[in-house]
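The opening position of the sequence shown corresponds to residue 8 in the working numbering, with each subsequent residue numbered one higher.
C-beta: ideal position from N, C-alpha, C; glycine also.
Keep in mind that this is a model prediction, so the values were computed, not measured.
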Amino acid sequence: MRRRVVVTGMGAITPIGNSVEEFWNAVREEKTGFGEITHFDASGYKCHLAAEVKNFDGKNYMDPKAAKRMELFCQYAVAATKEAVADAGLVMEKEEPYLVGTAIGSGVGSLQAIEREYKKLLEKGPGRVNPLLVPMMISNMAAGQVSMKTNFRGDNFCTVTACASANHAIGEAFRKIKDGYLDICLCGGSESTITEFTFGGFKTMKALTKEADPEKASTPFDLNRSGFVLGEGCGILMLEEYEHARARGAKIYCELAGYGATCDAYHMTSPSPEGEAAAHAMVHAYQEAGLKPEDITYINAHGTSTGLNDKYETIAIKKALGEEQAHKVKINSTKSMTGHMLGGTAAVEAIVCALSIRDGFIHQTLGYTTPDPECDLDYCVNGSVEMPVTVALSNSLGFGGHNATLCFKKCTGEGAVE
């Protein structure tokens, strides 16, 4: 018998809110998280905007000594995990710890640690490099730190696939539960890379927005889009086998019913112009869920506000659903509010999908003013939409050609949130 996988808890640290409730309220109120960079002196850069997490202090979520030994991306993961576990009502003393796993993606890990210690190396010699540099900087340490704080002893891993990292983590966690290897898996993604290196690299690549006005900085699918706003943050979901969740009386947000993962095999940074592989990821996701194109209500697009991504993702959606259905489905980009959180972004967008299903609410894509004839679908640019959301796809497309799509659907049965 096929094991069903449901979402029973969520946690978030984002540029527009440091809890799921605060984040979701900001989304519904159409707030954005863009502002002047404070993480480093950006006066030498043409663009000074980023989507930073605000008013976050790791010591409010964990022991101060532990926080001091964690880089920000790990602190974000531990903080969001604390919320997700509480939200799920999980009592680990009642669980078999080796059947509870952790999968948290991160595209980069901590470049801050590398920058900081490299300066020490140059100025003071190798003997002054922090002995904890390696365990503090490596991408898998968010998953490792979370397990240490929760006693989750099952499968523990980190996916590193650029902007698709979190969707791959969630998708692989889904498979672990579906196939019977785990009963519960805490999964998502975390990133904090608003640093001189990252900002400089993306800027010279011409991937970042040229706009100085925060209101015009992130404009997915708009004709005048000029690049993304670099963001940071973390999203965590508690996935659980349906019968296990029902037996312990857990509330259920929605069901994760399908997952598709493909590769463009085309270019280091550009999506494939044909959109074929991204389309296959969407098709695989909804077919695994036992659904057809006409069943899809809503797509949370990758929607980066870059010229190539938005155009080619539009092509991929048309190929995945067919031209007629593609024009019927509601599409939006959460990055119009949060910026691009790299390895953390897909997890926050998965949370948006779960809450859109729960509340029957599809948020507006902000910043849009000028139609692009090559992006001609319904991107919810004229306001949010109140309507039943029964099936939601969440797309993530990463550098290297990595494509990952999750298919969420409204859960029926005992424990489902109405």
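* Which of the three DSSP states, helix, strand or coil, is assigned to isoleucine 44? -> Isoleucine 44: coil per DSSP, three-state reduction.
* Asked: In whole angstroms, what separates the C-alpha of asparagine 67 from that of arginine 76?
  -> One Cα belongs to asparagine 67, the other to arginine 76, and the distance between them is close to 15 Å.
* Asked: Does the pairing of the stretch 183-190 with the stretch 271-281 give three or more beta-carbon distances under 8 Å?
  -> They do not touch, by the three-pair rule.
* How is threonine 168 classed by DSSP in three states: helix, strand or coil? -> The DSSP-derived three-state label of threonine 168 is coil.
* Asked: Rounded to a whole number of angstroms, what is the C-alpha to C-alpha distance between glycine 297 and lysine 416?
  -> Between the alpha carbons of glycine 297 and lysine 416 lies a distance of about 11 Å.
* To do: Rank Gly374, Thr211, Ala57 and Phe47 by C-alpha distance to the C-alpha of glutamate 122 and give the top, closest one.
  => When only C-alpha atoms are compared, the closest one is Phe47.
* Asked: Where are the alpha helix (DSSP H) runs, 4 residues long or more, that stay fully inside the stretch 69-97, in chain order?
  -> For secondary structure counted as the alpha helix (DSSP H) over 4 or more consecutive residues, the stretch 69-97 holds these complete runs in sequence order: 71-75 and 79-95.
* To do: Could you check the C-alpha separation between threonine 45 and phenylalanine 204 for me, to the nearest Å?
  => Cα to Cα, the separation comes out at about 15 Å.
* Asked: tyrosine 266 lies in the beta strand (DSSP E); which residues open and close that run?
  -> Element bounds for tyrosine 266: 261-270.
* Asked: Just checking, does the stretch 157-170 make contact with the stretch 138-149 on the three C-beta pairs under 8 Å criterion?
  -> The stretch 157-170, when compared against the stretch 138-149, does touch it at the 8 Å Cβ threshold.
* Would you kindly check if the distance between the Cβ of asparagine 307 and the Cβ of serine 363 is under 9 Å? => Taking 9 Å as the Cβ cut-off, serine 363 and asparagine 307 qualify as a contacting pair.
* Roughly how far, in whole angstroms, is the beta-carbon of glycine 195 from the beta-carbon of isoleucine 111, given that I think they are within contact range, below 8 Å? -> Right, the Cβ-Cβ distance comes to about 6 Å (below 8 Å), so this counts as a contact.
* Residue span of the beta strand (DSSP E) that contains methionine 17, given as start and end -> Start and end: 12-20.
* Residues near valine 107 by beta carbon distance below 6 Å, same chain, minus five either side -> These residues qualify, in order along the chain: Phe159, Gly161 and Ile191.
* Can you find at least 3 beta carbon pairs, one from the stretch 242-252 and one from the stretch 312-328, that sit closer than 8 Å? -> No, they do not touch.
* Asked: What span of residues does the beta strand (DSSP E) with cysteine 192 cover, start to end?
  -> Counting along the chain, the beta strand (DSSP E) containing cysteine 192 begins and ends at 191-198.
* What is the DSSP secondary structure of alanine 219, counted as helix, strand or coil? -> Here alanine 219 carries a coil assignment [DSSP, helix/strand/coil].
* **Stretch-stretch touch, CB-based, cutoff 8 Å, three pairs: the stretch 364-378 with the stretch 388-401** => A contact exists between the stretch 364-378 and the stretch 388-401.
* Asked: What does asparagine 163 pair with, by DSSP beta-bridge criteria?
  -> For asparagine 163, which the question treats as bridged, DSSP gives the partners Thr109.
* Since alanine 288 and asparagine 389 are thought to touch, with beta carbons under 8 Å apart, how far apart are those beta carbons, to the nearest angstrom? -> Their Cβ separation, rounded to whole angstroms, is 28 Å, which puts alanine 288 and asparagine 389 out of contact at 8 Å.
* Residues sharing a beta bridge with threonine 412, DSSP -> When DSSP reads this structure, threonine 412 sits in a beta bridge with Gly267 and Asn402.
* **CB contact flag (cysteine 382, leucine 400, <9 Å)** => It is not a contact, given that the beta carbons lie outside the stated cut-off.
* Asked: Cα separation between alanine 87 and cysteine 241?
  -> The C-alpha of cysteine 241 is placed about 7 Å away from the C-alpha of alanine 87.
* **Where the beta strand (DSSP E) containing glycine 242 begins and where it ends** => If you look at glycine 242, you'll find it in the beta strand (DSSP E) that goes 240-248.
* Asked: Based on the DSSP secondary-structure assignment, which residues constitute the bridge partners of glycine 24?
  -> Its beta-bridge partners are Thr21.
* Using 8 Å as the cut-off, classify the Cβ of glutamate 283 as near or not near the heavy atoms of the ligand MN, replying yes or no. => The ligand MN is absent from the structure shown, which contains no ligand whatsoever.
* Roughly how many angstroms lie between the CA atoms of valine 13 and glutamate 262, to the nearest whole one? -> Those two C-alpha atoms are separated by around 4 Å.
* Inspect the beta-carbon positions of leucine 244 and alanine 150 and report whether they are closer than 9 Å. => Judged by their CB atoms, leucine 244 and alanine 150 are not nearer to each other than the 9 Å cut-off.
* **Minimum C-alpha distance to valine 85 - residue among Lys223, Ile20, Glu320 and Met348** => Comparing Cα positions, the closest option is Ile20.
* To do: Please report how far the alpha carbon of glutamate 283 lies from the alpha carbon of aspartate 271, in whole angstroms.
  => Their backbone Cα atoms lie some 8 Å apart in a straight line.
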